[in-house]
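Here is the structure we will look at, set down as structure tokens.
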Amino acid sequence: MRRKDRQISDEAQLSSIIAESRVCRLAMLDGNRPYIVPLCFGYQPGFLFFHSAPRGKKIDLLRRNPNVCFEFDLTYGMVESAKACQWSMKYRSVIGFGKALFIENPEEKREALGIIMRQYTDGEFSFGDEMLEATAVFKVRIESMSGKRSRQPEP
1283 MRRKDRQISD EAQLSSIIAE SRVCRLAMLD GNRPYIVPLC FGYQPGFLFF
1333 HSAPRGKKID LLRRNPNVCF EFDLTYGMVE SAKACQWSMK YRSVIGFGKA
1383 LFIENPEEKR EALGIIMRQY TDGEFSFGDE MLEATAVFKV RIESMSGKRS
1433 RQPEP
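Every position in the sequence shown, counted from 1, becomes a number in our numbering once 1282 is added.
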């Protein structure tokens, strides 16, 4: 990272950014081109969890090449200035790399879907067999990640 003064490397701070996030942007390779999608997700240290329709471009790409890049960001507002090049954004972000692994076992699928739901609510949910069969569930084993923050403090 070029700006070491803005780097976040503390695991607790990185986890905090992910915990506060509502969207994960997941990037895959489509041949020699990137393909990125915003997704709902769940997080446990070391892993991200996702669900999807069982067929589609994202699933096809992940089955061909499980290597992914992911991104989270929290923004707190603009920093205005009289000079155009001094405008900025107040933010914290995380970028990382990992490998996607499909979850086929029904009990593991239920657990992963519960992790995803807990990212957004404290409620408890049940996941029936029919729903599990109609849903693809995968996790990303996090291989590395780093964070960055703006110069300006968060509110």
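Beta carbons are placed, not taken as given, at the ideal position from N, Cα and C, and that holds for glycine.
Could you give the first and the last residue of the continuous alpha helix (DSSP H) run that contains residue i?
| i | result |
| --- | --- |
| K1391 | 1388-1400 |
| N1342 | According to the sequence displayed, residue 1342 carries Asp and not Asn. Start and end: 1339-1346. |
| A1418 | Segment 1418-1431 is the beta strand (DSSP E) holding A1418; no alpha helix (DSSP H) there. |
| A1301 | 1293-1302 |
Determine the extent of the beta strand (DSSP E) in which residue i is found, giving its start and end residues.
| i | result |
| --- | --- |
| E1406 | Segment: none, E1406 is in no beta strand (DSSP E) and carries neither H nor E. |
Just mark residue i as buried or exposed, buried being the case when its beta carbon has 16 or more other beta carbons within 10 Å.
| i | result |
| --- | --- |
| C1306 | buried |
| S1291 | exposed |
| S1303 | buried |
| M1413 | exposed |
| G1429 | buried |
| A1394 | buried |
Would you grab the beta carbon distance between residue i and residue j for me? Rounded to a whole angstrom, and I think it's under 8 Å.
| i | j | result |
| --- | --- | --- |
| P1336 | A1418 | 4 Å |
| F1331 | G1338 | The pair is not a contact, with the Cβ atoms about 18 Å apart (cut-off 8 Å). |
| F1491 | L1308 | The question about residue 1491 has no answer, for the chain in this structure spans 1283 to 1437. |
| F1329 | K1421 | 5 Å |
| L1356 | I1299 | 6 Å |
- Message: Quick test of the definition: if touching needs 3 or more C-beta pairs under 8 Å, does the segment 1393-1412 touch the segment 1422-1434?
- Response: no
- Message: Restricting to runs no shorter than 3 residues, where is the beta strand (DSSP E) found entirely within the segment 1304-1330?
- Response: 1306-1312, 1315-1321, 1324-1326
- Task: Check whether the segment 1374-1383 touches the segment 1392-1403, taking contact to mean three or more Cβ pairs, one atom from each stretch, closer than 8 Å.
- Result: no
- Message: Check whether the segment 1319-1326 and the segment 1378-1389 touch, using three or more Cβ-Cβ pairs below 8 Å as the test.
- Response: no
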